[in-house]
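Here the protein sequences line up with chains S and A, keeping their order.
With our numbering, letter number 229 in the first sequence gets 228, and the count goes up by one each step, no holes.
With our numbering, letter number 53 in the second sequence gets 52, and the count goes up by one each step, no holes.
Worksheet: one structure, shown below.
2 protein chains.
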Amino acid sequence: MPLLVVGSVALDSVETPTEYRENVLGGSAVYFSYAASYFTSVRLVGVVGEDWPDEHTQLLQRRGVDTAGLQVVPGGKTFRWKGKYLPNMNDRETLEVHLNVFETFNPQLPEPFRKCPFLFLANGSPVVQMQVLEQCSGAQLVVADTMDLWISTQHDELLDLLKRIDGLVMNDSEAKLLTDDENLVRAGHRIREMGPKFVVIKKGEHGAMFFSEHETYVLPAYPTEDVTDPTGAGDSFAGGMMGYLAEKGNFEPQTLKEAMAYGILVASFNVEDFSLDRMQRIERADLDHRMREYRQMLTF
Amino acid sequence: MPLLVVGSVALDSVETPTEYRENVLGGSAVYFSYAASYFTSVRLVGVVGEDWPDEHTQLLQRRGVDTAGLQVVPGGKTFRWKGKYLPNMNDRETLEVHLNVFETFNPQLPEPFRKCPFLFLANGSPVVQMQVLEQCSGAQLVVADTMDLWISTQHDELLDLLKRIDGLVMNDSEAKLLTDDENLVRAGHRIREMGPKFVVIKKGEHGAMFFSEHETYVLPAYPTEDVTDPTGAGDSFAGGMMGYLAEKGNFEPQTLKEAMAYGILVASFNVEDFSLDRMQRIERADLDHRMREYRQMLTF
Chain S
0 MPLLVVGSVA LDSVETPTEY RENVLGGSAV YFSYAASYFT SVRLVGVVGE DWPDEHTQLL
60 QRRGVDTAGL QVVPGGKTFR WKGKYLPNMN DRETLEVHLN VFETFNPQLP EPFRKCPFLF
120 LANGSPVVQM QVLEQCSGAQ LVVADTMDLW ISTQHDELLD LLKRIDGLVM NDSEAKLLTD
180 DENLVRAGHR IREMGPKFVV IKKGEHGAMF FSEHETYVLP AYPTEDVTDP TGAGDSFAGG
240 MMGYLAEKGN FEPQTLKEAM AYGILVASFN VEDFSLDRMQ RIERADLDHR MREYRQMLTF
Chain A
0 MPLLVVGSVA LDSVETPTEY RENVLGGSAV YFSYAASYFT SVRLVGVVGE DWPDEHTQLL
60 QRRGVDTAGL QVVPGGKTFR WKGKYLPNMN DRETLEVHLN VFETFNPQLP EPFRKCPFLF
120 LANGSPVVQM QVLEQCSGAQ LVVADTMDLW ISTQHDELLD LLKRIDGLVM NDSEAKLLTD
180 DENLVRAGHR IREMGPKFVV IKKGEHGAMF FSEHETYVLP AYPTEDVTDP TGAGDSFAGG
240 MMGYLAEKGN FEPQTLKEAM AYGILVASFN VEDFSLDRMQ RIERADLDHR MREYRQMLTF
């Protein structure tokens, strides 16, 4: 089934302990779309400026991503982010953020997109996420991401959104912030009680946890010694997870667990190079091969 | 098969964000022995002072632990440790350490102990660990633990020890310190190249990683919302792991992975109360029950 994502499209400058890349393709909706494209047809809604290189759009299109919802603002500039990773490659410092055209992003979904059965609201203001949700009232599965900024500055709007969505994906520090609880198991269940039917807490190099009314589990990350650039790991995790759910066309417990595993594996490839560079060199068969290794790792 | 452990026996004072316990039973060899006793017969070698309450010895004996190697130093005082856990229950501050009789601990193994086929050298000076190893030259499997102090102050002695043991168990920050590498997958393999046939890196609430020549894997911790006191988690992990290997009487890859899982599960019980309090309320059947849940959690 088709999958719709609404989120940021960006040009990132990334500094790691050993390398620096300037103005490379990034943004939550980009990482998400590319990751999901291994599993299903993806429709992307986002906004860029006149400085946007058309080759990036073509790259997404070559993976079958429908970019009819990518709005180009005449005279505008694309969202830019600049960050620096600490030697542990897990913590990072944001050096610069220029929201540019993303600041006034007011997504208007093309008519054919509004009936999309699977919807992912990538990280963004909960007010904007709610506006998108209202344009897609018939969606069967709505999952959102959020971040510390919105937990602090738009807390009530976020709580309203949580009552309307099926799933929430967030990272561990955000889950602790939202619940004021340092224990992730308790935090996950408390967030679920705020509305979503399921909650996924991403733990970076330590994998991801899942919470629903009847299930609590944690799956480890795929162990890789080649972490070149973690940017977009969380978004490609979500893309792999949602892409697989959309491919299967259901969100039964067993499908959700397989989807979590695919999310983890797509993310494990994503961090092996800058931007989408590593992802461009893999096919679905590479994901399935790593999945066999991953299942083997967890079998005893 | 019988399992021998040589390590510290202590009285701990533990402060958590909500509770305080003074002079409770602790020490690496104590947590290890108790955890291993669910699987095999355990022989403990350690030292205490005249202040040692005999009820603690009886507690271990009731689980079948052979305490013939627990030396009582006349006029001496038992090793004492006082620590405080931060709200995340993962990081801790050491407030006081009084080594007392442990400072001059010079383990002389009772003759019948020297033929023990499975040996665990709990955290201690690598010089003392080597002295023990030389008294047990016929052991089939020798596994050691270590810590940051020895990595910094007895580096060469530790490297000598690594060439003589089969397995090393240590936590993530120590693995990074020993290799000066922030990537745990690389760190694990580099430590293995220093001598041990296998290396286990404990990641606390994030589980544990295993490295051998042909295998690399990570198993997550069992998700628990009830973390009351993490003291001894690493030692009870090692006790569960080694206890299971000794029970099976081999250390084939499949047995090692099952042993890792049992170690994780024993530790998950251990943290649910202070000292050995939670462990005293469980039986082998509780471990096997949790094992079925754990296997289920990792199956998809």
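C-beta: ideal position from N, C-alpha, C; glycine also.
At least one beta carbon of chain A lies nearer than 8 Å to the beta carbon of residue 256/S. With a contact defined as Cβ atoms closer than 8 Å, residue 121/S and residue 144/S qualify at about 6 Å.
With fewer than 16 other CB atoms across the displayed protein chains lying within 10 angstroms of its CB, residue 225/A is exposed.
124/S is the residue among 228/S, 124/S and 154/S whose C-alpha sits nearest the C-alpha of residue 103/S. Of the residues assessed, residue 202/A falls on the buried side of the cut-off, its CB having 16 or more other CB atoms within 10 angstroms. Look at residue 253/A: its C-beta is under 8 Å from a C-beta on chain S.
Under a 10 Å Cβ-count criterion, residue 15/A is classified as buried, with 16 or more other Cβ atoms of the shown protein chains found around its own Cβ. Taking C-beta atoms as the reference points, residue 217/S and residue 236/S fail to come closer than 8 Å.
The beta-carbon separation of residue 227/S and residue 272/S, rounded to 5 Å, stays under the 8 Å limit for a contact.
The residues 43, 56, 59 and 60, in chain order, have a CB closer than 8 Å to that of residue 66/A in the same chain once the five nearest residues on each side in sequence are set aside. For residue 201/A, the closest Cβ of chain S is not nearer than 8 Å. Under the 8 Å criterion on CB atoms, residue 264/A is classed as non-interfacial with respect to chain S. Rounded to whole angstroms, the gap between the alpha carbons of residue 184/S and residue 49/A is 43 Å. When CB distances to chain A are screened at a threshold of 9 Å, not a single residue of the region 156-171 of chain S falls below it. The DSSP-derived three-state label of residue 31/S is helix. Of all residues in the region 206-217 of chain S, only 206, 208, 215, 216 and 217 come within less than 8 Å of chain A when Cβ atoms are compared, listed by chain position. Residues of chain S with a Cβ closer than 8 Å to the Cβ of residue 249/A do not exist, since the nearest Cβ in that chain sits about 15 Å away. Judged by their CB atoms, residue 8/S and residue 41/S are not nearer to each other than the 8 Å cut-off.
Of the other Cβ atoms in all chains shown, 16 or more fall within 10 Å of the Cβ of residue 11/S; this residue is therefore buried. Selection 73/S, 91/S and 141/S evaluated against residue 250/S yields 141/S as nearest (Cα-Cα).
Nearest to residue 78/S by C-alpha distance, out of 171/S, 26/S and 274/S, is 26/S. Here DSSP, grouped into helix, strand and coil, assigns residue 287/A to helix. Residue pairing by DSSP places residue 84/S opposite 91/S in a beta bridge. Chain-order list of chain A residues neighbouring residue 224/S: 182, 184 and 185, by C-beta distance under 7 Å. One alpha carbon belongs to residue 281/S, the other to residue 268/S, and they sit about 8 Å apart.
Not a single C-beta of chain S is nearer than 8 Å to the C-beta of residue 241/A. Excluding residues up to 5 positions away in sequence, 254 lie with their Cβ nearer than 7 Å to the Cβ of residue 247/S in the same chain.
Following the DSSP letters along the chain, one finds residue 190/S inside the alpha helix (DSSP H) bounded by residues 183-191.
Neighbours of residue 87/S in chain A, taken as residues at a C-beta separation under 9 Å, are given in chain order as 175, 181 and 182. Restricting attention to beta strand (DSSP E) runs no shorter than 3 residues, the region 131-195 of chain S encloses them at 140-144 and 166-170, ordered along the chain. For the region 207-293 of chain A, the full-length alpha helix (DSSP H) segments reaching 4 residues or more read 232-247 and 252-269 along the chain.
A buried status is given to residue 69/A, since no fewer than 16 other beta-carbon atoms sit within 10 Å of its beta-carbon.
Within the same chain, Cβ atoms closer than 6 Å to the Cβ of residue 83/A are found at 14, 92 and 94, the five residues on either side in sequence being excluded.
DSSP places residue 56/A inside the alpha helix (DSSP H), whose first and last residues are 53-61. For residue 299/A, the neighbours in chain S by C-beta distance under 7 Å run, in chain order, 253, 256, 257 and 260. In this structure, residue 199/A keeps its C-beta atom at 8 Å or more from the C-beta atom of residue 119/A.
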